[in-house]
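Just below is one structure, and these are the notes that go with it.
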Amino acid sequence: MAIDGVYTGSRRYRDLEGTIPRAPRRHAIGADRPGKKNLPLPVRLFLASLVLPWVVTVGPVSLSISRVILLAMVLPCLAKWIGGGSGRIRAPDIALLLFCLWSALSLIVVHGPIFAVQPAGILFVETMGAYLVARCYIRDADDFFNMARLLFRVVALLFPFALLEVLTGRNVLLELFAAILPSYPDSNDLRAGLRRAQVVFEHAILFGICASSALALTHLVLGHRIPLFQRCLKTGLVGATALLSLSSAPIAAIVVQATLMIWGALFRKSPYCWRILWCLFLAAYLAVVFGSNQSPIQFYISHFTFDPHTGWHRLLIWEFGSASVLNNPLFGIGFGGWARSSWMSTSVDMFWLLNAMRYGIPGGLLILLSFFTAFLGVSFRKGLDERLIAYRTAYLIVMMAFFLVGWTVHFWGTAYLWFIFLLGSGVWLLDVRIDDRVRYRPDLSDDLRRTARERGALLGGPSLPASRRGMAPAQRRQS
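Written as structure tokens, this is what we have:
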């Protein structure tokens with residue numbers, strides 16, 4: 150029997166060879182539904198640690214719960230990665246490792262080896278630790294689904310506390326944690342007369358960034374093949390939670406993700422859906438280059454921040470920060486001061502720029518290289534089935550939102566760990582084997598999927614020629 154290139158060798162289905170009717174809807178949904186596989190314990194521990202605001206000081210080092218978890222896991226994950234336990238070593242892996250090594254070298258050159266030990270070590274643990282936890286333990290579609298489901302549950306759990314914080318002006322949840330162990334300070338930040346929800350994060354903007362990143366994952370991963378109303382209800386809850394941070398960056402992330410998801414839904418039947426969008430982006434880029442007195446980055450910063458004062462301030466950060474990069478191109482300025490107007494704060498609200506300022510142009514380029522090799526590698530992965538395409542789209546949309554928002558805000562603390570973890574969480578798509586796609590096919594019944602797996606079927610390969618359909622295996626070998 151041939152099932153899209155799969156021969157089962159069963160005479161019972163000989164009359165049906167070469168064709169297979171689509172399974173009834175109830176079977177299709179059941180077949181496409183993720184299995185009962187549990188999310189690996191290291192991932193659960195890491196994600197849980199992100200919402201624990203406790204901070205313990207050991208000598209000169211402040212250790213959050215997530216840092217403690219990563220300290221315990223970074224070396225085992227590194228050994229597993231080197232030993233091939235996370236699939237092939239990929240270009241984004243190497244680029245991110247080189248980023249950590251170059252950053253350490255830059256800090257040694259700028260500040261000396263004694264000072265550099267602590268920040269370089271923390272950077273390595275947080276960067277490679279968070280990334281390798283994802284690379285080693287998010288290894289298939291079920292892991293990715295379970296990760297997205299846990300993230301949604303965390304966001305849904307935080308929603309009532311965030312709403313209470315905005316309405317009452319008190320961060321009840323942070324107060325409860327602080328009564329047990331030292332925790333992050335309460336920022337008590339106001340905007341438009343309302344308190345910005347911080348909940349259990351270091352700052353309201355970090356809460357908004359982390360919550361908003363669940364939007365596409367909820368809609369496209371958790372929402373895959375479930376009723377539209379239920380999908381939109383969950384997505385709306387995520388969006389509402391992120392909006393309670395009252396921050397422009399999370400709002401921009403929501404707008405970017407929603408726009409890309411709407412575009413994908415409207416033109417899902419077109420094979421050129423995303424190519425057309427990239428052409429539009431290119432046209433807009435060229436229009437800014439030739440029709441504006443601002444650079445594309447300056448245009449984006451000034452027009453896509455909701456507070457004009459904030460946008461103007463970030464333009465100044467770009468001007469002074471980029472000048473600092475050009476003045477210190479190789480090793481950067483480390484954690485030293487940067488030339489700016491006297492009334493400007495020391496904060497640099499641009500993630501991509503700050504890495505180049507601290508660690509030089511090589512450091513800034515290496516983390517961008519890690520991002521784009523992962524992003525482009527996943528985006529050009531061919532031959533994925535319906536479920537994997539939906540998961541890939543969710544991953545790429547979230548990464549695009551992080552990339553754009555990274556020009557208007559700095560990812561630090563919890564947001565940095567979450568961004569790096571998410572970056573590594575989609576690399577498994579590069580390692581999907583052709584025969585793995587059998588179990589992700591919604592149009593195959595459980596029996597046919599099991600038969601195909603047992604016989605080492607390669608789904609998506611060329612179908613058997615019509616002249617050989619209906620032949621017994623021995624006859625096929627002779628022919």
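Its first residue numbered 150, the sequence shown is counted upward by one per residue in my numbering. Beta carbons: idealized from backbone N, C-alpha and C, even for Gly.
- Residues of the same chain with a CB within less than 7 angstroms of the CB of GLY234, apart from the 5 flanking positions on each side, are CYS285 in chain order.
- Distance from ARG380 to GLY388 at the Cβ level is roughly 13 angstroms; contact not present, criterion being Cβ atoms closer than 8 angstroms.
- At the C-beta level, TRP501 and ARG288 stay beyond 9 angstroms of one another.
- Burial check for ASP534: the Cβ neighbour count within 10 Å reaches 16 or more, so the residue is buried.
- Leaving aside the five residues that flank PHE416 on each side, the residues in its chain whose CB is nearer than 6 angstroms to its CB run, in chain order, CYS422.
- In this structure, DSSP gives VAL581 a state outside helix and strand, which the three-state scheme calls coil.
- Using a C-beta cut-off of 8 angstroms, the region 337-355 makes no contact with the region 531-549, since fewer than three inter-stretch Cβ pairs fall below that distance.
- Cβ-Cβ separation between ALA305 and GLY357: approximately 16 angstroms, too far for a contact (criterion under 8 angstroms).
- In this structure TYR434 is exposed. Its beta-carbon is surrounded by fewer than 16 other beta-carbon atoms within 10 angstroms.
- Pairing ILE231 with VAL321, the inter-Cα distance amounts to about 44 angstroms.
- Ranked by how close their Cα comes to the Cα of ASP580, the residues GLY562, ARG237, SER252 have ARG237 in first place.
- With respect to ALA244, LEU518 sits close: the two C-beta atoms are nearer than 9 angstroms.
- The bridge partners DSSP lists for TRP203 are SER332.
- Shown here, VAL210 sits in a strand according to DSSP, grouped into three states.
- The way I'd put it, the region 497-512 does touch the region 471-483; three or more beta-carbon pairs between them come closer than 8 angstroms.
- Of the candidates PHE480, PHE301, ILE516, ASN476, the residue whose Cα lies closest to the Cα of ALA488 is ASN476.
- Only residues of its own chain outside the window of five on either side were considered, and among them LEU199, PHE350, LEU355 have a CB closer than 6 angstroms to the CB of THR563, listed in chain order.
- Counting the other Cβ atoms within 10 Å of the Cβ of LEU196 gives 16 or more, which makes it buried.
- DSSP places ARG319 outside both helix and strand once states are collapsed to three, so it counts as coil.
- With a 10 Å radius around the Cβ and a threshold of 16 neighbouring Cβ atoms, VAL207 comes out exposed.
- Around the Cβ of ALA253, a 10 Å sphere holds 16 or more other Cβ atoms; the residue is buried.
- By a beta-carbon distance limit of 8 angstroms, ARG536 contacts ALA290. Their separation comes to about 6 angstroms.
- Separation of ALA283 and PHE293 (C-alpha to C-alpha, rounded to the nearest whole angstrom) is 10 angstroms.
- At the C-beta level, ARG463 and SER394 stay beyond 9 angstroms of one another.
- Annotation for ILE257: the continuous alpha helix (DSSP H) segment containing it runs 240-260.
- Of all alpha-carbon atoms in TRP561, LEU429, TYR280, the one lying nearest the alpha-carbon of VAL497 is that of TRP561.
- The C-alpha of THR367 is placed about 7 angstroms away from the C-alpha of LYS383.
- By alpha-carbon distance to THR542, the top candidate from PHE551, SER528, PHE552, ARG193 is SER528.
- Taking the CA atoms as reference points, ILE538 sits about 16 angstroms from GLN406.
- Within the same chain, ARG345, ALA353, ILE354, GLY357 come within 7 angstroms of SER396 by CB-CB distance, once the 5 residues on both sides are set aside.
- With fewer than 16 other Cβ atoms from the protein chains shown falling within 10 Å of its own Cβ, LEU325 counts as exposed.
- When the Cα atoms are used, SER332 and VAL303 turn out to be separated by approximately 19 angstroms.
- By the neighbour-count criterion, in which 16 or more other beta carbons inside 10 Å mark a residue as buried, PHE439 falls on the exposed side.
- Cβ contact annotation for LEU247 (same chain, cutoff 7 angstroms, sequence separation greater than five): LEU515, in chain order.
- By the Cβ-count criterion, MET493 is exposed, with fewer than 16 other Cβ atoms from all chains shown falling within 10 Å of its own Cβ.
- Secondary structure at GLY512: helix, using DSSP grouped into helix, strand and coil.
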